[in-house]
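In my numbering, the protein residues as written are 35 to 182.
Notes to accompany the following structure.
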Amino acid sequence: MKLSSKARYAVMAMVDIAHYGEAEPVSLSAISVRQDLPLAYLEQLFNKLKKAGLVISCRGATGGYKLSQPRADIHIYNIIAAVDTPLKATRCSSDHSGCQVSGTKCMTHDLWGELTTVVAEFLKKITLDDICARRVKGLTSQLFERAA
């Protein structure tokens with residue numbers, strides 16, 4: 035399973051806004067410089083983030099973007115879903131017809147399906163606030179301890 039550049043860059047940019055944008059909107063050029071991300075790529079991503087209702091654009095001399103809701107209410111999963119196709123570790127087509135040419139599931143299908151579920155559930159638990167407050171490290175062990 036590989037996270038796309040779109041997903042990674044969108045999360046990085048949203049964390050930047052969560053960190054620097056509490057008082058005033060953050061410009062994409064400022065994000066581009068701080069995070070070393072291509073400005074043109076950020077413009078494309080922010081069209082999708084705005085359409086998904088995760089950010090608000092502000093015009094004017096001090097214009098830029100603000101989060102549409104408190105950073106504690108924006109989950110990483112939603113950011114990724116706004117800019118990219120859903121994460122999945124299986125090689126199945128989207129119509130769920132199977133992994134193989136014959137349309138059947140391969141022997142490891144359920145393993146990869148479960149991995150996809152665990153990753154999605156993890157990302158649904160992490161907020162921008164968790165990242166800004168540096169509360170992410172160690173969360174996977176907590177997640178699995180609760181499940182045991």
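All C-beta atoms in this analysis are idealised placements derived from N, C-alpha and C, irrespective of residue type, glycine included.
None of these values were measured; they are calculated from a predicted model.
Helix, strand or coil: how does DSSP classify residue i here?
i, result
"residue 61", "coil"
"residue 119", "coil"
"residue 166", "helix"
"residue 142", "coil"
Am I right that residue i and residue j are in contact with their C-beta atoms under 8 Å? What's the rounded C-beta distance?
i, j, result
"residue 60", "residue 51", "5 Å"
Starting from the C-beta of residue i, find all residues in its chain whose C-beta is less than 6 Å away, skip the five residues before and the five after it, and write them out in chain order.
i, result
"residue 83", "89, 116"
"residue 166", "52, 53"
"residue 86", "116"
"residue 105", "52, 162, 163"
Apart from the five residues on each side of it in sequence, which residues of its chain come closer than 7 Å, Cβ to Cβ, to residue i?
i, result
"residue 150", "121, 122, 123, 124"
"residue 63", "73"
Kindly list the residues whose CB is nearer than 8 Å to the CB of residue i, restricted to its own chain and excluding five residues on each side of it in sequence; keep chain order.
i, result
"residue 48", "83, 88, 89, 101, 108, 113, 162"
Beta strand (DSSP E) runs contained entirely in the segment 55-102, provided each spans 3 or more residues: Those beta strand (DSSP E) runs which fall completely within the segment 55-102 and span 3+ residues are 89-92, 98-101.
field: Inter-stretch contact (C-beta, 8 Å, three-pair minimum) for the segment 100-112 and the segment 62-71
entry: By the Cβ test, the segment 100-112 is not in contact with the segment 62-71, since fewer than three Cβ pairs between them sit closer than 8 Å.
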